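Worksheet: the structure to be examined is printed underneath.
Residue numbers (my numbering), protein chains in the order written: chain V, 95 to 505; chain P, 57 to 434.
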């Protein structure tokens, strides 16, 4: 018998959560975590594959929003909890679940889909491409020293649970709107994040939340971190593990760094997710005190409505480029589009003009947010075709953006 | 890198400091050229062999050496000095800035399938040390015009590195191997220098392939050489240092298999003739900027310069006009090849934007594609 893909039923949320955990090879959650997970399911956006009453595959999405270059905020269907159980591989269940997700996004007018991929090769065939990167790095402690002396009159304070719930969501939302590529977080996201279950700590402490206030007492950034203790021969070997550093202002960013670098009894400060254009290296007296330990794709996006997405962002340089887009899954995106845009606005219309650049919609997702991998980089790897000489360089000059996209939100 | 046998020693280019009869500090240079964005080259002093005796620290010996050396470089009319730093905190104060960046990558060969299964048209030639000495110097000299940031490797440099190789191999180290890629389409191709570290576990081969150099004229050449390296038998893991625009990642079926394990500065540049250097390179965009350079070591080099790029042609001359950007010599060294973003330096408080939009304009102008890279250790 084949499994059928359908909406989750009202009596099934707990079974859904357990099936997701099975898909990721994890134990069933404790009662409290189960309840929290159930609360984050959104009705009408949670799907299962049912084989004789058993859930054998899962997926769900939730409504969010993402800031794109220029400041516009686009509605996003954020996909998560995608699993197919090992007993039901290679039967097209993932494809059916992805159709539910993408059809729903199209019907609701959500311009983008977003996800964080467990493995790289899975989602390209559904039109998704990696659009933001995380840099992981480690700073020696003591050792890493800031070049500039303390200059700001603000203060950093550790927050109790109530204050964390009060301030972090609000500060994150302000920080997110300044940047490009981060997602709006639901209340249920914060609830699960701040609950900080033991199993997510990997042997380190629970999360500490440090809120920074400016000279007027206005909160303008926070850092959440864990401490991994350790001693050897009466010397500290542990680390500050920075879960996220979320500044609204440059002053707050530097103040929070200074705070993190000042924490005692550790041998290093590990930053789990830094923006690729973070200037920290250049703020140190010795730039090599910052060791980059990894760099990996983070948020993937899917242009659900490619023309609307392209017209909604701003472009660094005024320019025009004709894109021939391939999109077998969502044919309304396929074809030739004339994109004309600059710092003050953009238009994207169908055209009969000859194509300048030819690419699959998944590769259009990569430079869409203005990240470091542009059209020329894609062409070097053999993924886009330049039909008119100089078109890739022109497109790169248009699409490049400052700041680079970055998404600290894990979902 | 300090060579024990002084193979790249060039007479008249060594400065030393003596305490009585004892030499307590030394700095050397050899005559080279640096490739600029656009493919042109300017004379550059390749600084190496810098050291101060541990008994004579904190007495200003390094400063004296650096000052004398830079004065000598200027006298020779070399507009640039370059080096690779042993530590990151040393050379900034002498006006050197990190100008090119490199990533260390590792990949597991079992998971490194290329998206495009079709091998490119052309041939690979395998070279031993003697054949490499005949072919690689000239090939490298042509390849380095394709990307800013590398230097001309002198005959002495090649002798040293190929001799090193022979000596190491005599000590039982694995053989350095070279492969040259010659595409049918007449493009420049490239070469790779690598060695295999033998390792067996449970009677299974688990060799590590260490790539020392991978130089190609374009991305297609890099990918062809990668295809060769991925095909070497007995190998389990591959490690390499690559430019920040390495095309291999996205050319793999699973790009995450190319793991970035480190990322850091490679070549540090020191500008000694602002007008000559800025006037000689190619730019990513037209524009006009007045740069005020603050040079603590050579005050006469500092001052205001107008850089004007029109239809891709650059002119740079001293000016008394108001500055758009104020930066130090080390910051100029960092951005001069387009490898370090001005925006990052500005956010770190290391350059000052005097007119709105100047950082963004300078960034567009100074950007280099491909980004600069220096594959030469010295």
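Every residue, glycine too, gets a C-beta built ideally from N, C-alpha and C.
This one's a predicted model, so the numbers in the text were calculated from it and none came from an experiment.
Contacts of residue i in chain V (Cβ-Cβ under 7 Å)
i	result
residue 204/P	Here the premise fails: no neighbours, minimum Cβ distance about 15 Å.
residue 428/P	None at all; the shortest Cβ gap to chain V is about 15 Å.
residue 309/P	215
residue 39/P	Here chain P covers residues 57 to 434 and nothing more, so residue 39/P does not appear.
residue 303/P	474 and 475
residue 248/P	The contacting residues do not exist; residue 248/P stays about 17 Å from chain V at best.
residue 154/P	381
7 Å CB neighbourhood of residue i in its chain, flanking five on each side removed
i	result
residue 431/P	206, 269 and 271
residue 123/P	353
residue 152/P	139, 324, 325, 326, 386 and 389
residue 499/V	225, 226, 274, 275, 463, 464 and 465
residue 411/P	380
residue 197/P	208
residue 238/P	178, 179, 181 and 245
residue 239/V	378 and 379
Close-in-space but distant-in-sequence residues of the same chain around residue i (CB under 8 Å, 5 per side omitted)
i	result
residue 457/V	223, 472, 477 and 478
residue 389/V	227, 228, 229, 230 and 370
residue 187/P	234
residue 69/P	84, 85, 86, 87, 101 and 128
Exposure label - residue i; buried when at least 16 CB within 10 Å
i	result
residue 231/P	exposed
residue 221/V	buried
residue 389/P	buried
residue 222/P	exposed
residue 98/V	exposed
residue 211/P	exposed
residue 314/V	buried
residue 368/P	exposed
residue 287/V	buried
residue 391/P	buried
residue 331/V	exposed
residue 216/P	buried
residue 414/P	buried
residue 162/V	buried
residue 105/V	exposed
residue 293/V	exposed
residue 212/V	exposed
residue 534/V	Residue 534/V is absent from the model: chain V starts at 95 and stops at 505.
residue 437/V	exposed
residue 337/P	buried
Beta-carbon separation (whole angstroms), residue i vs residue j, contact threshold 8 Å
i	j	result
residue 235/V	residue 386/V	Their Cβ separation, rounded to whole angstroms, is 16 Å, which puts residue 235/V and residue 386/V out of contact at 8 Å.
residue 199/P	residue 96/P	Contact doesn't hold; Cβ gap of about 15 Å is too wide.
residue 387/P	residue 406/P	5 Å
residue 104/P	residue 139/P	7 Å
residue 176/P	residue 280/P	5 Å
residue 155/V	residue 195/V	5 Å
Beta-carbon neighbours of residue i, restricted to chain P and to distances below 8 Å
i	result
residue 379/V	145
residue 472/V	306
residue 314/V	The contacting residues do not exist; residue 314/V stays about 16 Å from chain P at best.
residue 388/V	315, 316 and 317
Nonlocal neighbours in the same chain, by C-beta distance under 6 Å from residue i, ignoring five residues either side
i	result
residue 182/P	235
residue 453/V	478
residue 79/P	72
residue 246/V	345 and 349
residue 178/V	151, 187 and 188
residue 308/V	248 and 314
Under 9 Å from the C-beta of residue i: neighbouring residues of chain V
i	result
residue 424/P	Ordered by position in chain V, no residue passes the 9 Å Cβ test against residue 424/P, which lies about 12 Å from the chain.
residue 365/P	In chain order: nothing, as chain V lies at least about 15 Å away.
Where residue i meets chain P, residues with beta-carbon distance less than 7 Å
i	result
residue 172/V	Residues of chain P passing the Cβ test: none, with the nearest at roughly 21 Å.
residue 477/V	306
residue 267/V	Near residue 267/V there are no residues of chain P at all, since even the closest Cβ is about 22 Å away, more than 7 Å.
Neighbour list for residue i in chain V, Cβ cutoff strictly below 8 Å
i	result
residue 401/P	373 and 376
residue 405/P	241, 242 and 377
residue 312/P	213, 214, 390 and 391
Contact set between residue i and chain P, taken where Cβ atoms lie within less than 9 Å
i	result
residue 544/V	The question about residue 544/V has no answer here: the residues shown for chain V are numbered 95 through 505.
(request) Return the chain-ordered ranges of every beta strand (DSSP E) run that is complete within the stretch 275–324 of chain P and spans a minimum of 3 residues. (result) As for any beta strand (DSSP E) of minimum length 3 sitting wholly inside the stretch 275–324 of chain P, the runs are 291–298 and 315–321, ordered along the chain.
(message) For a minimum of 4 consecutive residues, which ranges assigned as the alpha helix (DSSP H) are wholly contained in the stretch 445–469 of chain V?
(response) For the stretch 445–469 of chain V, whole alpha helix (DSSP H) runs of length 4 or above, ordered along the chain, are 455–462.
(request) Mind listing, in chain order, the continuous alpha helix (DSSP H) runs of no fewer than 4 residues lying wholly within the stretch 369–423 of chain V? (result) 374–377 and 400–406
(request) List in chain order: all unbroken alpha helix (DSSP H) runs of 4+ residues lying wholly within the stretch 353–429 of chain P. (result) 385–391, 398–403 and 414–422
(request) Scan the stretch 190–230 of chain P and note each continuous alpha helix (DSSP H) run of 4 residues or more that stays entirely inside, going in chain order. (result) 211–226
(request) Starting from the N-terminal side, write out each stretch of the alpha helix (DSSP H) that is 4 residues or longer and does not extend beyond the stretch 92–119 of chain P. (result) none
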